[in-house]
Amino acid sequence: MPDCDACGLSLNGSVNFCPRCGQPQNEAAAKRLDDYVERQAARDAGTDTRTDDRTALADRASYIVGYVTIVAGFAITADLPTVLFVLAGVSILPPVGRILGRIVGLSTGIRVRAPLFAVFVAAGVAAWQFL
Ligand SMILES: [Zn+2]
4 MPDCDACGLS LNGSVNFCPR CGQPQNEAAA KRLDDYVERQ AARDAGTDTR
54 TDDRTALADR ASYIVGYVTI VAGFAITADL PTVLFVLAGV SILPPVGRIL
104 GRIVGLSTGI RVRAPLFAVF VAAGVAAWQF L
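According to this note's numbering, the sequence shown is numbered sequentially starting from 4.
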């Protein structure tokens, strides 16, 4: 049974971190800890864009609108309108915006996601009412 290098505690071979002192016990755990410390340092230095209050508020509102739209889409229980409402709900979620932004190489903040959301909702309402 291995011991912790830092404090000497006897460890079960499969632990990532020492339960007594927190010392990482393998390469992957050490890397995760380094990444975490770097993210915290970036946040403290203000380089993390998510610290912007208005962006955080828009993101929170986006989650609420997105999830409500998806649930409403399923409540309708009609094939095409449901798909369109789900697409609308998903398109306004902040992580989806960041992924799309990486793919197309453009900013996809709330000013881009909201019109996309509106187009899908309009199409969903049209399909629901007229098909
Ligand atoms: Zn230890």
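Think of the CB as a built atom: it goes at the ideal place given N, C-alpha and C, for glycine as much as any other residue.
Expressed to the nearest angstrom, what Euclidean distance is found between the alpha-carbon atoms of residue i and residue j?
i: Ile113; j: Ile95; result: 8 Å
i: Cys2; j: Gly104; result: This structure cannot speak to residue 2, because the chain is shown only from 4 to 134.
i: Gly16; j: Cys7; result: 10 Å
i: Leu90; j: Ala61; result: 19 Å
i: Tyr39; j: Gly92; result: 31 Å
i: Arg42; j: Arg35; result: 11 Å
Considering only heavy atoms of ligand 1, does any lie closer than 7 Å to the CB of residue i?
i: Ala45; result: no
i: Arg35; result: no
i: Ala32; result: no
i: Leu96; result: no
i: Leu83; result: no
Under the rule that 16 or more other beta-carbon atoms within 10 Å means buried, what is residue i, buried or exposed?
i: Phe123; result: buried
i: Ile67; result: exposed
i: Phe77; result: exposed
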